[in-house]
Amino acid sequence: MNLPVTTEIDHDLCTGCGLCVDICPSNTISLVDGRATVTGDYSIQCDHCAAICPVGAITVHGVDEDALKLTTVKNNGTWLKHGDFDTALLVQLMRSRRSCRMFSSKPVEKDMLEDLVKIGATAPSGTNSQLWTFTILPYRSAVEKLGAMTSQFFHRLNSDDALGQYYRRYHETGKENLREGKEPGRDQLFYGAPAAIIIGMKPGASCPCEDALMASQNILLAAHAMGLGTCMIGFVVEAIKHDSGIKRALGIPKKERVYAVIAIGYSSEKYTRMTERKPVAPRYYEG
Ligand SMILES: Cc1cc2nc3c(=O)[nH]c(=O)nc-3n(C[C@H](O)[C@H](O)[C@H](O)COP(=O)(O)O)c2cc1C
Ligand code: SF4
Numbered sequence: 004m005n006l007p008v009t010t011e012i013d014h015d016l017c018t019g020c021g022l023c024v025d026i027c028p029s030n031t032i033s034l035v036d037g038r039a040t041v042t043g044d045y046s047i048q049c050d051h052c053a054a055i056c057p058v059g060a061i062t063v064h065g066v067d068e069d070a071l072k073l074t075t076v077k078n079n080g081t082w083l084k085h086g087d088f089d090t091a092l093l094v095q096l097m098r099s100r101r102s103c104r105m106f107s108s109k110p111v112e113k114d115m116l117e118d119l120v121k122i123g124a125t126a127p128s129g130t131n132s133q134l135w136t137f138t139i140l141p142y143r144s145a146v147e148k149l150g151a152m153t154s155q156f157f158h159r160l161n162s163d164d165a166l167g168q169y170y171r172r173y174h175e176t177g178k179e180n181l182r183e184g185k186e187p188g189r190d191q192l193f194y195g196a197p198a199a200i201i202i203g204m205k206p207g208a209s210c211p212c213e214d215a216l217m218a219s220q221n222i223l224l225a226a227h228a229m230g231l232g233t234c235m236i237g238f239v240v241e242a243i244k245h246d247s248g249i250k251r252a253l254g255i256p257k258k259e260r261v262y263a264v265i266a267i268g269y270s271s272e273k274y275t276r277m278t279e280r281k282p283v284a285p286r287y288y289e290g
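Mapped onto my numbering, the consecutive letters of the sequence shown carry residue numbers 4 to 290.
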């Protein structure tokens, strides 16, 4: 996806160092008579040129300086250079995040949910499309309604013999969940989560699934750091994908596709150790 060129260069400030020319992934800028000049006819509006210019000569219109300003997290807007973060701490955060299946009923502040969406939007996206959409369910009542619509979808599937092979896998687990869900106080879909974020993509992205899931992982990690538990709820994604009525009820336009549903809330789980993973054996190709 190539966006129109919105790069503006102040020739009075430009010293002709060429840094912006070297960093630009879409050859939008070149040096003409010793000054950076827009010579290309397309741009992915990545804003790298403005970020690298030592004299602040570049403005990329269309990206918003305030778009990523957070209200519940102290924001330090300076760029961390490579190696300037504690890797051990980062990995500890990654390993400490767990899918939460026991949420407390404490509501999540709307500002925190909005900050999580902004943090999601810091993710990379194919050709910088940023075509993701975020639907926030800020109250338990909304989460319950989505849970009920999802359950109804799986109920309908369970009574439908025309189930395709594709659904068979979901069928048994779905039945199990629905059975357990009937017991009072059990919410086998959202685990009592008081909030949720649905991540979708508008049409036109080159890598929609990847974009949505990258934003999701940002949200999962940041939520843990902010004191919140999360769980990706694939069952609900399936229901939304195949039941246009759910999309309609949620106010998600028909042409948008949903890739992730994240249950969010304060966790009642307390672990005493990290979990482990299966061993990973990388493969090499050495040319
Ligand atoms: C795409 C995706 C869909 C998932 N769907 C569900 C779900 O519907 N219900 C659930 O309890 N967990 C769901 N999970 C959570 C996984 O079960 C969990 O990530 C996995 O067991 C590893 O555990 P961890 O997240 O605690 O590291 C999902 C995870 C992913 C990545
Ligand atoms: S990085 Fe800034 S100073 Fe250097 S060439 Fe580009 S606009 Fe001019």
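Backbone N, C-alpha and C define an ideal beta-carbon position, used for all residues, glycine too. Model, not experiment: these values are computed from the prediction.
For residue i, name the three-state secondary structure that DSSP assigns.
i      : result
Leu71  : coil
Met277 : coil
Gly43  : coil
Ser128 : coil
Ser102 : strand
Arg286 : coil
Leu16  : coil
Arg143 : helix
Arg159 : helix
Leu93  : helix
Leu6   : strand
Who are the Cβ neighbours of residue i in its own chain at under 7 Å, not counting the five residues just before and after it?
i      : result
Asp13  : Ala60
Val41  : Val8, Thr10, Ile12, Thr31, Ile32
Asn131 : Ile47, Gln48, Cys49
Output the distance between the C-alpha atoms of residue i and residue j, rounded to the nearest integer angstrom.
i      : j      : result
Gly123 : Thr278 : 25 Å
Thr62  : Arg159 : 53 Å
Gly167 : Gly86  : Note that Gly167 scores a pLDDT of 44, beneath 50, so its modelled location is shaky and nothing firm can be said.
Ser219 : Asp36  : 45 Å
Met235 : Arg104 : 10 Å
Gly80  : Ser209 : 29 Å
Gly21  : Leu83  : 22 Å
Leu119 : Gly248 : 27 Å
Pro256 : Ile200 : 16 Å
Lys273 : Phe238 : 25 Å
Gly203 : Thr18  : 42 Å
Phe222 : Gly207 : According to the sequence displayed, residue 222 carries Ile and not Phe. Between Ile222 and Gly207, the C-alpha separation is close to 23 Å.
Asp96  : Val264 : According to the sequence provided, residue 96 is Leu. The question's Asp does not apply to it. C-alpha separation (whole angstroms): 21 Å.
Ser99  : Leu34  : 48 Å
His227 : Ala215 : 19 Å
Ile26  : Pro57  : 13 Å
Arg189 : Gly232 : 18 Å
Leu140 : Val146 : 6 Å
Phe137 : Gly290 : 42 Å
Lys205 : Leu192 : 26 Å
Ser128 : Leu6   : 14 Å
Val283 : Ser102 : 21 Å
Pro110 : Tyr269 : 8 Å
Ile55  : Val94  : 28 Å
Arg92  : Lys281 : It should be noted that the sequence gives Leu, not Arg, for residue 92. Cα to Cα, the separation comes out at about 22 Å.
Tyr288 : Phe88  : 30 Å
Enumerate in chain order the residues of its own chain whose CB-to-CB distance from residue i is below 6 Å, with the five nearest sequence positions on each side excluded.
i      : result
Asp246 : Phe156
Gly65  : Thr9, Gln48
Gly195 : Phe106
Arg143 : Pro197
For the candidate residues the options, whose alpha-carbon lies nearest to that of residue i?
i      : options                       : result
Arg38  : Ile55, Asp15, Asp50, Thr31    : Asp15
Thr74  : Met229, Gly195, Asp36         : Met229
Asp44  : Leu34, Cys212, Asn30          : Asn30
Ala70  : Gln133, Pro141, Met97, Leu223 : Gln133
Glu68  : Val58, Ser102, Ala53, Ala242  : Ala53
Thr153 : Pro282, Val240, Tyr287        : Val240
Glu213 : Ala126, Asp190, Leu149        : Ala126
Trp135 : Arg276, Asp25, Ile267, Tyr262 : Tyr262
Arg260 : Ser270, Asp89, Lys244, Thr275 : Lys244
Met115 : Pro285, Cys23, Ile267, Lys148 : Ile267
Starting from residue i, trace the beta strand (DSSP E) in both directions and tell me its first and last residue.
i      : result
Phe137 : 135-140
Ser33  : 32-35
Thr10  : 10-12
Ile61  : 61-63
Met235 : 232-235
Ala252 : No beta strand (DSSP E) holds Ala252; the alpha helix (DSSP H) holding it covers 247-253.
Val24  : Careful: Val24 lies outside any beta strand (DSSP E), inside the alpha helix (DSSP H) at 22-26.
Ala266 : 260-268
List the endpoints of the continuous alpha helix (DSSP H) containing residue i.
i      : result
Val120 : 113-123
Ala54  : 51-55
Gly203 : Where Gly203 is concerned, there is no enclosing alpha helix (DSSP H), although the beta strand (DSSP E) it sits in stretches over 198-204.
Ala218 : 211-228
When the cut-off is 8 Å and only beta carbons count, does residue i lie next to chain C?
i      : result
Met115 : Of the protein chains in this structure there is only one, and it is not chain C.
Grab me the residues of residue i's own chain with a C-beta within less than 8 Å of its C-beta, minus the 5 sequence neighbours each way, in chain order.
i     : result
Pro28 : Ile47, Cys49, His51
Lys72 : Asn78, Lys121
Regarding residue i and ligand 4, is the C-beta to nearest heavy atom distance less than 7 Å?
i     : result
Val58 : In the structure on display, ligand 4 does not appear, and the ligands it does have are ligand 1 and ligand 2.
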